[in-house]
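S.K.: There's a structure below that I have some questions on.
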Amino acid sequence: MAPMVLTGRTFGIDWSGHLWLVEMQARNIEALGHPSLFIQSGLGAFYAWFAYYGGTLYSIAGGLSALSGGHTTVAYIACYALAFTMSYGGFWWIARQAGIGGWRAHVAPLLFVTSAYLLTDAYARGAWPETMAVSSIPLVVAAGGSLLLGERACPRVALIFLGAATLLTGSHNITLMLSSILFVLLVIVAGIARVDFRALPWRRVLAIAGLLALAVAINMWFLLPDLAYGMRTYVGSHPSTPYMPGLSLDLVLDPIRDSLLGTSSQLGPTPTFYVQLPTLALLWALVALWVSRRRLGRAARRLALGLGALLVVIVALIVSPGVWPHLPRLLWQIQFPYRLETYATFCVLGLVLLALRHLTSGRSRGVLLGLLMAIVVVECAQGLHQIWATPSALQSRSQSYTLGPSWWQRFGGEGESPFGDQFSDFSEREVKPTITSIKLQVPLLGPVKQGYAVSFVSPGPGTIETNVQTGSYLVAVGGAQPAGRVEDGSLVVRLNVPAGRPARVTFHPARTWPVVAGKYLTLAGLAGLAGALAVVLWALTDSARRRWRSLRLP
8 MAPMVLTGRT FGIDWSGHLW LVEMQARNIE ALGHPSLFIQ SGLGAFYAWF AYYGGTLYSI
68 AGGLSALSGG HTTVAYIACY ALAFTMSYGG FWWIARQAGI GGWRAHVAPL LFVTSAYLLT
128 DAYARGAWPE TMAVSSIPLV VAAGGSLLLG ERACPRVALI FLGAATLLTG SHNITLMLSS
188 ILFVLLVIVA GIARVDFRAL PWRRVLAIAG LLALAVAINM WFLLPDLAYG MRTYVGSHPS
248 TPYMPGLSLD LVLDPIRDSL LGTSSQLGPT PTFYVQLPTL ALLWALVALW VSRRRLGRAA
308 RRLALGLGAL LVVIVALIVS PGVWPHLPRL LWQIQFPYRL ETYATFCVLG LVLLALRHLT
368 SGRSRGVLLG LLMAIVVVEC AQGLHQIWAT PSALQSRSQS YTLGPSWWQR FGGEGESPFG
428 DQFSDFSERE VKPTITSIKL QVPLLGPVKQ GYAVSFVSPG PGTIETNVQT GSYLVAVGGA
488 QPAGRVEDGS LVVRLNVPAG RPARVTFHPA RTWPVVAGKY LTLAGLAGLA GALAVVLWAL
548 TDSARRRWRS LRLP
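Numbering of the sequence shown is given in our numbering, commencing with residue 8 and proceeding in unit increments.
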């Protein structure tokens, strides 16, 4: 965290862009009293970023900003600190559950928080939602394992699971999809390892499923519109085959970190865009498992083979672009194969934990642990160099708050499409406006409002372009009828007022069923969260009371 806390750098261009988006949601909360699905800015009116991308995460950070009196950067950096805390604490907790104690329990956490791609996400890319979602996975697994296999159910652990699961399902859709697929694959690996699922405490399994459903419900205010309308956006209806030139096997397995890009037309200088796996840790795990093979039970051997096979498949997908056209188009939504680095790293650390759990005794044990300590030092040193060497995309953080549309222009100038805004509507039919003398501009200066009205003298019946950047399924129009869109996705409306007569067209959030149902499901989820908090507070109070009584003298 030191470069974020001790310097004024802005790191990768997305780091500044997401900071600006947090400020936009904080602005919504201050003006409306609640989060919004939309951004009102130079991008246009009702740009539905929060309907399709991490609505809850931006709302949490925006809410912290509003509560702190507008300290958006502080709230933003605090969320990054939470991410590293969740990932470190989650892996430490998993190691303890596996029976690994002492300093050895800190090996996997250190290897993960200093891993190349996690730090690339946080610093070189500045991919804040992905960093938050990925970092919540270890804590979800650890808290879920404690609830499933612990001696007794603990309300505090349930609350930790609920919080981490809420962040996982409310931060980054691609990570949610990939982590769900990984969970299914790990269940298959566990089945191959002959785990007796019938012996699981199924009442606890159902309780965990209920907590996960509650976490999803909290996020339904944006997840349900996203599921209903996401494929109507340009980016949703135009998935391209994941591809990244230069992403080769020797680069991914290089133990010395090297930049994938160096310089990017979109991202600018990227000297620390690293995608290397913790190869030294992988080699150590393979050697340690081989040396300790006699201590491995049949289930542990199968688990090691399953994790190894899963690792091979993931790495093959990363470095083999020719495979992707033959996979389901849903998987194309990951955009870049290097996003799978996270899940390959999980497999590597799973093998490390398995080796630590069954490490052989005698002289070879000391040699192996000494090598492992040296590897941790090397990876920590590479991680520290990586984050301190990441340059700033902007001269100062204050520029982030005026970045807005220029962030999209940086990406829109690549000639990929006529769309500069990836979440603009693409489902309405394309219409050429018949009235070109005016354009209905929703006023964007001043405080955010729930709805807007545009008054003017009618030039006559016809179709007029607006600056609304979504379809009629998310924005309701009064005084005119939605007629379609222009090429770049802006809404076109049909006006039926005679020439010379006063006209008034209103725009406000639509009350379509996904928006309304999502809102009420979130309210129900928040009520459940409040109940969970009350139970935890009661348990803490009861526990504190019993401890106090035990300390009283007779």
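Note that CB positions come from ideal geometry on N, CA and C, so glycine has one too.
When you compare each of Arg501, Ile325, Ser431, Ala68 to Ile442 by their alpha carbons, which one comes out closest?
M.R.: When each option's Cα is compared against that of Ile442, the closest is Arg501.
S.K.: Judging by CA-CA distance, which residue of Arg300, Leu379, Ser431 is the nearest neighbour of Tyr480?
M.R.: The residue with the shortest Cα to Cα distance from Tyr480 is Ser431.
S.K.: Could you give the C-beta distance for Pro588 and Ser462, rounded to a whole number, given that I count them as a contact under 8 angstroms?
M.R.: The chain is shown only over 8 to 561; residue 588 falls outside these bounds and no answer can be derived.
S.K.: What is the residue span of the alpha helix (DSSP H) that Ala82 lies within?
M.R.: Here the alpha helix (DSSP H) through Ala82 covers 79-104.
S.K.: Report the option in Ala396, Gln283, Gly304 whose CA atom is closest to the CA atom of Pro344.
M.R.: The option with the nearest alpha carbon to Pro344 is Gln283.
S.K.: Please go through the region 234-316 and give each complete beta strand (DSSP E) segment of 3 or more residues, from N-terminal end onward.
M.R.: Listed in chain order, they are 269-271, 275-277.
S.K.: What separation, rounded to the nearest whole angstrom, lies between the Cα atoms of Ala517 and Pro246?
M.R.: Between Ala517 and Pro246, the C-alpha separation is close to 27 angstroms.
S.K.: Is the beta carbon of Leu175 less than 8 angstroms from the beta carbon of Ser186?
M.R.: Yes, they are a contact pair.
S.K.: Bridge partners of Trp472, per DSSP?
M.R.: Residue identity check: residue 472 is Glu in the sequence provided, not Trp. Looking at the DSSP assignment, Glu472 forms a beta bridge with Val499.
S.K.: Within a Cβ cutoff of 6 angstroms, which residues of the same chain sit near Gln389, ignoring the five residues on either side of it in sequence?
M.R.: The residues are Arg264.
S.K.: Please report the straight-line C-alpha distance between Glu423 and Val242, rounded to a whole angstrom.
M.R.: Reliability of the predicted coordinates at Glu423 is poor, the pLDDT of 34 falling under 50, and no value is obtained from them.
S.K.: What does DSSP give as the partner residues of Arg492 in its beta bridges?
M.R.: Note: Arg492 sits in a beta bridge opposite Glu437, Leu498.
S.K.: My understanding is that Trp56 touches Ser407, with C-beta atoms under 8 angstroms, so please give their C-beta distance in whole angstroms.
M.R.: About 16 angstroms separates the two Cβ atoms, so there is no contact after all.
S.K.: Please classify Gln32: does DSSP put it in a helix, a strand, or coil?
M.R.: Of the three classes helix, strand and coil, the one that applies to Gln32 here is helix, per DSSP.
S.K.: Would you decide whether Trp545 is buried or exposed? Buried here means 16 or more other CB atoms lie within 10 Å of its CB.
M.R.: Exposed, because fewer than 16 other Cβ atoms sit within 10 Å of the Cβ of Trp545.
S.K.: Using DSSP with H/G/I as helix, E/B as strand and the rest coil, what is Asp432?
M.R.: Of the three classes helix, strand and coil, the one that applies to Asp432 here is strand, per DSSP.
S.K.: Below 8 angstroms on the Cβ atoms is my guess for Val114 versus Leu366; work out the distance and round it to an integer in Å.
M.R.: Actually they are not in contact, since the Cβ atoms of Val114 and Leu366 sit about 11 angstroms apart, beyond 8 angstroms.
S.K.: Does DSSP put Pro332 in a helix, a strand or coil?
M.R.: Helix.
S.K.: With a 10 Å radius around its C-beta and 16 neighbouring C-beta atoms as the bar for buried, classify Gly420 as buried or exposed.
M.R.: Low confidence applies here, because Gly420 scores a pLDDT of 39, under 50, leaving its location unreliable; read the following figure in that light. By the 10 Å Cβ count, Gly420 comes out exposed.
S.K.: Report the CB separation of Ala222 from Leu169 in whole angstroms; it is logged as a contact under 8 angstroms.
M.R.: Between Leu169 and Ala222 the Cβ distance is about 6 angstroms, and since that is below 8 angstroms, they are a contact.
S.K.: Taking the alpha carbon of Gly19 as the reference point, which residue from Leu218, Ile215, Trp135 has its own alpha carbon closest?
M.R.: It is Trp135.
S.K.: For Ser403, which residues of its own chain have a beta-carbon under 7 angstroms away from its beta-carbon, when the five flanking residues on both sides are left out?
M.R.: Gly15, listed in sequence order.
S.K.: Could you please give the first and the last residue of the uninterrupted alpha helix (DSSP H) stretch that includes Ser153?
M.R.: 135-156 is the span of the alpha helix (DSSP H), which, as asked, contains Ser153.
S.K.: Quick test of the definition: if touching needs 3 or more C-beta pairs under 8 angstroms, does the region 211-222 touch the region 305-325?
M.R.: No, the region 211-222 does not touch the region 305-325.
S.K.: Among Ala216, Val455, Leu358, Ile394, which one has its Cα closest to the Cα of Ile101?
M.R.: That would be Leu358, whose Cα lies nearest to the Cα of Ile101.
S.K.: Who does Tyr459 pair with in a DSSP beta bridge?
M.R.: DSSP output for Tyr459 lists Phe514 as bridge partner(s).
S.K.: If I follow the unbroken beta strand (DSSP E) through Ile46, where does it start and stop?
M.R.: Its beta strand (DSSP E) spans residues 46-48.
S.K.: Run through DSSP, which three-state label would Tyr124 get?
M.R.: Tyr124: helix per DSSP, three-state reduction.
S.K.: Can you tell me where the alpha helix (DSSP H) holding Ala172 begins and where it ends?
M.R.: Taken as a continuous stretch (DSSP letters only), the alpha helix (DSSP H) holding Ala172 covers 162-178.
S.K.: Suppose you measure from the CA of Arg201 to the CA of Gln340; what does that come to, to the nearest Å?
M.R.: Approximately 33 angstroms between the Cα atoms of the pair.
S.K.: In three-state DSSP terms, what is Val504?
M.R.: Of the three classes helix, strand and coil, the one that applies to Val504 here is coil, per DSSP.
S.K.: Under the rule that 16 or more other beta-carbon atoms within 10 Å means buried, what is Thr397, buried or exposed?
M.R.: Buried, because 16 or more other Cβ atoms sit within 10 Å of the Cβ of Thr397.
S.K.: Spatial neighbours of Leu451 within its chain, please: CB distance less than 6 angstroms, with the 5 preceding and 5 following residues excluded, ordered by chain position.
M.R.: Here the set comprises Gln47.
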